[in-house]
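Chemist: Here it is: the structure, laid out below.
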Amino acid sequence: AQSVTQLGSHVSVSEGALVLLRCNYSSSVPPYLFWYVQYPNQGLQLLLKYTTGATLVKGINGFEAEFKKSETSFHLTKPSAHMSDAAEYFCAVSGLRAAGNKLTFGGGTRVLVKP
Amino acid sequence: DAGVIQSPRHEVTEMGQEVTLRCKPISGHNSLFWYRQTMMRGLELLIYFNNNVPIDDSGMPEDRFSAKMPNASFSTLKIQPSEPRDSAVYFCASSSPPNSPLHFGNGTRLTVT
Numbered sequence: 830a831q832s833v834t835q836l837g838s839h840v841s842v843s844e845g846a847l848v849l850l851r852c853n854y855s856s857s858v859p860p861y862l863f864w865y866v867q868y869p870n871q872g873l874q875l876l877l878k879y880t881t882g883a884t885l886v887k888g889i890n891g892f893e894a895e896f897k898k899s900e901t902s903f904h905l906t907k908p909s910a911h912m913s914d915a916a917e918y919f920c921a922v923s924g925l926r927a928a929g930n931k932l933t934f935g936g937g938t939r940v941l942v943k944p
Numbered sequence: 708d709a710g711v712i713q714s715p716r717h718e719v720t721e722m723g724q725e726v727t728l729r730c731k732p733i734s735g736h737n738s739l740f741w742y743r744q745t746m747m748r749g750l751e752l753l754i755y756f757n758n759n760v761p762i763d764d765s766g767m768p769e770d771r772f773s774a775k776m777p778n779a780s781f782s783t784l785k786i787q788p789s790e791p792r793d794s795a796v797y798f799c800a801s802s803s804p805p806n807s808p809l810h811f812g813n814g815t816r817l818t819v820t
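These protein sequence lines are chains A and B, in that order.
Start counting at 1 in the first sequence, then tack on 829, and there's your number in the numbering used here.
Start counting at 1 in the second sequence, then tack on 707, and there's your number in the numbering used here.
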């Protein structure tokens, strides 16, 4: 079984400041980890994913995340926030051999970017 | 690639009525998922199909909910009878395992009055 915890349901950052969204997971098998972004009235879009290999993963829009097995974490960062980053972000986990990439999502973190 | 297509985008109905939500997955994807999103419960997986066969429906809330996938290009989620607590955004997603991510549709916002 898998579960995901996202620390902080809301995060407020200033434009140009670091964005840090925290995600911790639990999984009984080696996990696949994902970050998705959801803009208002839209579906979820993939930002980045970790499956195997390099633990620092780069995604779209300048985001990156680092898989730390010892900490069971997959935190998402972006060095400099842009107004267009205002959205809700979801961390998700699936088991390495889960049929059909069934995902378990965290509760989401809504990001507000202040000018 | 048109992406995952859901219809309708919005549905308003009265309690007790039947509601049918539709989904067309991305061509070539062999897994399809139905999720429900609410403020209280976040994103919940309702059911998923692999090669048109339901694999896990443990997330379906109760017998009022049913889902079908008659072919690789179409799926429906039906609620009969609908209740106000069913109000939510329902998302369909598809993927082509083993490593591909889920691709989501834009969702159907259901309001049951």
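We put the beta carbon where it would ideally sit given N, CA and C, even for glycine.
#1: In or out: His-717(B) buried (at least 16 other Cβ within 10 Å) or exposed?
#2: Which same chain residues end up closer than 7 Å to Phe-798(B) when comparing Cβ atoms and leaving out the 5 residues on each side of it in sequence?
#3: Between the C-alpha atoms of Asn-737(B) and Pro-944(A), what's the straight-line distance to the nearest angstrom?
#4: Could you tell me which of Asn-778(B), Gly-710(B), Thr-818(B) sits nearest to Gly-872(A), measuring between CA atoms?
#5: Excluding the 5 residues flanking Val-886(A) on each side, which residues of the same chain have their C-beta closer than 8 Å to its C-beta?
#6: How many Å lie between Ser-807(B) and Ser-801(B) at the Cα?
#7: According to the Cβ coordinates, are Met-722(B) and Pro-777(B) closer than 8 Å?
#8: Could you list the residues in the segment 759-791 of chain B with a C-beta less than 8 Å from some C-beta on chain D, going in chain order?
#9: Is any beta-carbon of chain A found at less than 8 Å from that of Pro-808(B)?
#10: With DSSP as the reference, label Asn-890(A) as helix, strand or coil.
#11: Would you decide whether Lys-907(A) is buried or exposed? Buried here means 16 or more other CB atoms lie within 10 Å of its CB.
#12: Quick one: list the residues of chain B neighbouring Gly-936(A), beta-carbon separation under 7 Å, in chain order.
#13: Using 8 Å as the threshold, is the C-beta distance between Gly-937(A) and Gly-749(B) below it?
#14: Mark Ser-856(A) as exposed unless 16 or more other C-beta atoms lie within 10 angstroms of its C-beta, in which case mark it buried.
#15: Mind listing the chain A neighbours of Leu-752(B)? Cutoff is C-beta to C-beta under 9 Å, in chain order.
#16: Find out if the Cβ-Cβ distance for the pair Leu-728(B), Leu-784(B) is shorter than 8 Å.
Modeler: Result, derived from the coordinates:
#1: exposed
#2: Tyr-742, Gln-744, Phe-811, Gly-812, Gly-814
#3: 43 Å
#4: Gly-710(B)
#5: Leu-877, Lys-878, Tyr-879, Glu-893, Ala-894, Glu-895, Phe-896
#6: 10 Å
#7: no
#8: In summary, chain D is missing from the structure at hand, where the protein chains are A and B.
#9: yes
#10: helix
#11: buried
#12: Gly-749
#13: yes
#14: buried
#15: Lys-931, Leu-932, Thr-933, Phe-934
#16: yes
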